[in-house]
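Contents: one structure, followed by commentary.
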Amino acid sequence: MNKILLTVTLLGLLSGCAVSQTATSFELKEFKNLSYTTGPDADSLQSLHLVVPQSESAPPLLIWIGGGAWAYVNKDMELDLARNLGRKGIAVASVGHRLSPAVWRDPKKTRGIQHPRHAEDVAAAVKWLYDHAAEYGYDRGKCFIGGYSSGAHLAALIDLDKRFLGKYGLSPDLFKGVIPISGAFDIVEYYKVFLNGERPEMADQHVKAVFGPTEKDLIDASPTSYLENLSTPMLLMCDNNLYNYTRLFEDRIRATEFRDVRVMYAYNFSHSGLWRDLSSDQPSIYRNAIIDFIEMESRS
Numbered sequence: 005m006n007k008i009l010l011t012v013t014l015l016g017l018l019s020g021c022a023v024s025q026t027a028t029s030f031e032l033k034e035f036k037n038l039s040y041t042t043g044p045d046a047d048s049l050q051s052l053h054l055v056v057p058q059s060e061s062a063p064p065l066l067i068w069i070g071g072g073a074w075a076y077v078n079k080d081m082e083l084d085l086a087r088n089l090g091r092k093g094i095a096v097a098s099v100g101h102r103l104s105p106a107v108w109r110d111p112k113k114t115r116g117i118q119h120p121r122h123a124e125d126v127a128a129a130v131k132w133l134y135d136h137a138a139e140y141g142y143d144r145g146k147c148f149i150g151g152y153s154s155g156a157h158l159a160a161l162i163d164l165d166k167r168f169l170g171k172y173g174l175s176p177d178l179f180k181g182v183i184p185i186s187g188a189f190d191i192v193e194y195y196k197v198f199l200n201g202e203r204p205e206m207a208d209q210h211v212k213a214v215f216g217p218t219e220k221d222l223i224d225a226s227p228t229s230y231l232e233n234l235s236t237p238m239l240l241m242c243d244n245n246l247y248n249y250t251r252l253f254e255d256r257i258r259a260t261e262f263r264d265v266r267v268m269y270a271y272n273f274s275h276s277g278l279w280r281d282l283s284s285d286q287p288s289i290y291r292n293a294i295i296d297f298i299e300m301e302s303r304s
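Those letters in the sequence shown? Residues 5 to 304, by my numbering.
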């Protein structure tokens, strides 16, 4: 489907964006702390929560990775969003993964993993969810992947860098859509922002601690390094604080021939504010945009 690339500023616009959504509120089943890896080296962080609406037909599945600077991700904190989407007929897997050091925040947090381990964990979760669809009652033919902040980076990377799913004989073609929200997608630029900013020590203590010590490592971890693989319909959304990172990603996408992407800027929300809005039980035009995107792409 060759859609026009669309940029929307969401400042109370899209008041009719939920027109297609069902008024039904589905009952939910929740499955907690499902391990997606096995063996002696398995980590308790390599697990997920699954929220499944009880509908007559198998619902689509959103594989969701929460934010937390790759070091403080907590799948429990994404359950409010998962439940709100679930009540609208979308199954959601809140995926945890192993974490990186974060001495910039806690001098004692010196141990952890580096890229590509986070993405390898997410790919293992995708494989597990793909294999267990019939058991838990969602439609693996209608899988989506998305995330917030560091989770947005991982969702985009899993979709664009084919090696991670390729390890399991899978392809990003299994995704009907990708929904990266408020992330960083060019890690070289992300590093430079810190290096030239008010806290240059963050360039090493945060960025290199997560992704590795060399520019080659940063390039390898960047979704922008794999734009030749763009093929999955995308809903790209961002708050005001991370505008520059998302705008850079949008501009790089515009420079390709790929057009199946919608870009939405929520200038009226901070980084934490947009996450709270998406998660809140109150009406959210931003959450409605996610629901509409999933409903539309599930029909394609």
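Ideal Cβ placement from N, Cα and C applies to all residues, glycine included.
Since we're looking at a predicted model, the values are computed, not measured.
Extent of the continuous alpha helix (DSSP H) to which residue i belongs
i: serine 51; result: Note, serine 51: premise wrong, no alpha helix (DSSP H); beta strand (DSSP E) at 51-57.
i: isoleucine 69; result: It is not in any alpha helix (DSSP H) - isoleucine 69 instead sits in the beta strand (DSSP E) that spans 65-69.
i: methionine 268; result: Segment 265-270 is the beta strand (DSSP E) holding methionine 268; no alpha helix (DSSP H) there.
i: serine 302; result: 289-303
i: valine 130; result: 121-135
i: alanine 86; result: 83-90
i: aspartate 221; result: 219-224
i: leucine 252; result: 247-258
i: glycine 170; result: 167-170
Identified DSSP bridge partners for residue i
i: serine 306; result: Since the first residue of the chain shown is 5 and the last is 304, residue 306 is not available in this structure.
i: valine 192; result: According to DSSP, which records beta bridges pairwise, valine 192 is partnered with nothing at all.
i: proline 184; result: Gly151
i: glutamate 34; result: Val55
i: phenylalanine 179; result: Cys147
Between the CA atoms of residue j and residue i - distance to the nearest angstrom
i: aspartate 80; j: leucine 38; result: 12 Å
i: arginine 115; j: leucine 158; result: 20 Å
i: tryptophan 4; j: alanine 259; result: Any question about residue 4 goes unanswered here, given that the chain covers just 5 to 304.
i: methionine 300; j: arginine 291; result: 14 Å
i: phenylalanine 148; j: isoleucine 257; result: 20 Å
i: leucine 89; j: isoleucine 223; result: 34 Å
i: serine 304; j: lysine 180; result: 8 Å
i: asparagine 200; j: lysine 212; result: 15 Å
i: proline 237; j: leucine 178; result: 12 Å
i: aspartate 190; j: serine 284; result: 30 Å
i: isoleucine 289; j: valine 197; result: 31 Å
i: alanine 225; j: serine 175; result: 18 Å
Buried/exposed call for residue i, threshold 16 Cβ in 10 Å
i: alanine 46; result: exposed
i: lysine 36; result: exposed
i: serine 24; result: Low confidence applies here, because serine 24 scores a pLDDT of 48, under 50, leaving its location unreliable; read the following figure in that light. Result: exposed.
i: lysine 146; result: buried
i: glycine 93; result: buried
i: arginine 266; result: buried
i: threonine 250; result: buried
i: glycine 173; result: exposed
i: glutamate 170; result: Looking at the sequence shown, residue 170 is not glutamate but glycine. Under this definition glycine 170 is an exposed residue.
i: threonine 28; result: exposed
i: aspartate 221; result: buried
i: glutamate 205; result: exposed
i: glutamine 50; result: buried
i: alanine 293; result: buried
i: glycine 43; result: exposed
i: glutamate 82; result: buried
Span of the beta strand (DSSP E) around residue i
i: methionine 241; result: 238-243
i: serine 276; result: First-last for serine 276: 275-283, but that is the alpha helix (DSSP H), not the beta strand (DSSP E).
i: alanine 97; result: 95-99
Would you be able to state if there are at least three C-beta pairs under 8 Å between the segment 155-166 and the segment 133-145? Counting C-beta pairs with one atom in each stretch, the segment 133-145 and the segment 155-166 have fewer than three that are closer than 8 Å, which means they do not touch.
Using a Cβ distance threshold of 8 Å, determine whether the segment 145-159 contacts the segment 62-70, with at least three qualifying pairs required. Contact holds: three or more Cβ-Cβ distances are below 8 Å.
Counting Cβ pairs closer than 8 Å, one from the segment 267-282 and one from the segment 103-121, do we hit at least three? No: fewer than three Cβ pairs fall under 8 Å.
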